[in-house]
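Worksheet: one structure, shown below.
Protein chains: 2
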Amino acid sequence: MEKGVNKDASTEEKIKAAAFKIFQQKGFAGSRTRDIAEEAGINLALLNYYYRSKEKLFKIVIEESLGQLFIQLQRLINEESTSLSEKIDKITGLYIDLLKKNPNLPLFILGEIQSDPEKFKKQVGIPDISIQEIVTIRQAKEQMKITGIENIDPFHIIINLISMTIFPFAARPMIKILTKWDDNGFDQFIEERRQLIPVWIKSMLKIEK
Amino acid sequence: MEKGVNKDASTEEKIKAAAFKIFQQKGFAGSRTRDIAEEAGINLALLNYYYRSKEKLFKIVIEESLGQLFIQLQRLINEESTSLSEKIDKITGLYIDLLKKNPNLPLFILGEIQSDPEKFKKQVGIPDISIQEIVTIRQAKEQMKITGIENIDPFHIIINLISMTIFPFAARPMIKILTKWDDNGFDQFIEERRQLIPVWIKSMLKIEK
DNA sequence: AAATGTTTTAATCAAATGTTTAAAACAGGT
DNA sequence: ACCTGTTTTAAACATTTGATTAAAACATTT
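Shown next, in the form of structure tokens:
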């Protein structure tokens, strides 16, 4: 076997997948390396053998989590051929698709930032994608020559889109408790929102103050 | 001194206040009893002397945190004299006022639910206040005899109100990183939203699908 | 099959951390 | 001044937990 390269990827992957799951569920401080090892079905020492330390493993999980979220987003926003209206549809859909696969992701990311903003800043290069989002909408605003929203910072609209899309996932456990829905009920609720959110956002762009 | 009653409330309060701060910032697992003791400026053993255990102290913090959030809300919603429009203004304002004082609160609560929903269910009686919110809007919907939203579950509107109000606080550290705002800039942003959110919500109630 | 490099395991270490203990300091009543 | 109950402190305890070690198991090459 080639030296030092192909170290049986399956074990390495198993650990990372387990770390993803546990970290997202419990956060960094709440996750024990033993839990991750057990979840991965491997010996505890292997975790350090492959990833050196809990911190390093965590950093990888954070980076890949954010990567999932931001890279796709960037690609979408930069498509110059698509209209603003279409972009709103697509961004909403993109978020929802991603979050349906990783419903714990938003709270995980936001929680870790809150618990230690400095560490986060160091570990992750600040993504300037969201800033591009602002630029996009700002341009579009002019393009559409809408009167009456001149005084509303388009950043509000972006935050609204993101809030209405992401927040229900962050609040999912609480919503499930309150409404007594099962996974299916929640899913249906989200699918309704997939259609509704773009309508609301577009109407906001037309509202005169 | 009277026996067993007035146990120098100041110490007990100091511990609780410190616990509030640390728990909300770091979460349960991320908080060390030593941190709390230091923050409170008291000897470590006093924490157990007054509150028996970290768990018990945590439970108190959770309960009072939720209390702040829900009790006021309930009072407001039950005011039969105020119109729906006014209620929307007031609920938005109430949330914002509360969150300006405790910006870490939403992420703290939601994060703890995510990390262990069962523990949370046990520790806190499920608040049925939010359900009343639903009822309120449902009634109002009929009152207003709005056509066209017959097929939109008013729960969506409530979630939108809550999302647009709470989420920016949950994302506050990230927003501050992205926009490079200081506390003041963020504050101004929120004050704009205090006025804007009710407008958006009311317009949603009028949108035909 | 011997040698060499890689992966896995069981056992152990050292530090962190929630909790307890025993004694001291303090306050109020007699 | 003494007693009694309360509050505070320093030290210690026991467990948890991230990390390491040394040896075993496995695979590949020669």
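Protein sequence lines correspond, in order, to chains X and C. Residue numbers 0 to 208, in numbering that gives the first Met the number 0, belong to the letters of the first sequence in order. Residue numbers 0 to 208, in numbering that gives the first Met the number 0, belong to the letters of the second sequence in order. Using N, Cα and C, we set each Cβ at its ideal position, and we do this for glycine too. Just so we're clear, the structure is a prediction, and the values are computed from it rather than from any experiment.
Under 8 Å, do residue i and residue j count as touching if we go by C-beta distance?
| i | j | result |
| --- | --- | --- |
| residue 67 (chain X) | residue 97 (chain X) | yes |
| residue 28 (chain C) | residue 26 (chain X) | yes |
| residue 39 (chain C) | residue 14 (chain C) | yes |
| residue 163 (chain X) | residue 162 (chain C) | yes |
| residue 99 (chain C) | residue 189 (chain C) | yes |
| residue 201 (chain C) | residue 84 (chain C) | yes |
| residue 90 (chain X) | residue 75 (chain X) | yes |
| residue 58 (chain X) | residue 122 (chain X) | yes |
Can you say whether residue i is buried or exposed, counting buried as having 16 or more other CB atoms within 10 angstroms of its CB?
| i | result |
| --- | --- |
| residue 113 (chain X) | buried |
| residue 171 (chain X) | buried |
| residue 52 (chain X) | exposed |
| residue 159 (chain X) | buried |
| residue 147 (chain X) | At residue 147 (chain X), the pLDDT of 49 sits below 50, so the modelled position is not reliable; the number obtained from the coordinates is stated separately. So residue 147 (chain X) ends up on the exposed side. |
| residue 111 (chain X) | buried |
| residue 86 (chain C) | buried |
| residue 103 (chain X) | buried |
| residue 192 (chain C) | buried |
| residue 3 (chain C) | Note that residue 3 (chain C) scores 32 on pLDDT, short of 50, meaning its location in the model is unreliable and no value can be drawn from it. |
| residue 203 (chain C) | buried |
Using CA atoms only, rank isn't needed, just tell me which of the options is closest to residue i.
| i | options | result |
| --- | --- | --- |
| residue 60 (chain C) | C:30, C:48, C:187, C:188 | C:30 |
| residue 23 (chain C) | C:41, C:42, C:56, C:205 | C:56 |
| residue 119 (chain C) | C:65, C:86, C:90 | C:65 |
| residue 155 (chain C) | X:152, X:182, X:181, X:199 | X:199 |
| residue 94 (chain X) | X:82, X:81, X:71 | X:71 |
| residue 205 (chain X) | X:99, X:183, X:151 | X:151 |
| residue 62 (chain C) | C:41, C:201, C:18 | C:18 |
| residue 185 (chain X) | X:193, X:195, X:174, X:194 | X:174 |
| residue 50 (chain C) | C:74, C:11, C:69 | C:11 |
| residue 115 (chain C) | X:73, X:48, X:176, X:80 | X:176 |
| residue 195 (chain C) | C:16, C:92, C:47, C:32 | C:92 |
State the CB to CB distance for the pair residue i and residue j, rounded to an integer number of angstroms; the pair is presumed to be in contact (CB under 8 Å).
| i | j | result |
| --- | --- | --- |
| residue 88 (chain C) | residue 197 (chain C) | 5 Å |
Minimum length 4: unbroken alpha helix (DSSP H) runs contained in the region 143-182 of chain C: 153-169, 171-178
Let me know the alpha helix (DSSP H) ranges lying completely inside the region 72-115 of chain X, each 4 residues or longer, listed in chain order. 83-100, 104-114
Complete runs of the beta strand (DSSP E) confined to the region 3-73 of chain X [at least 3 residues]: none
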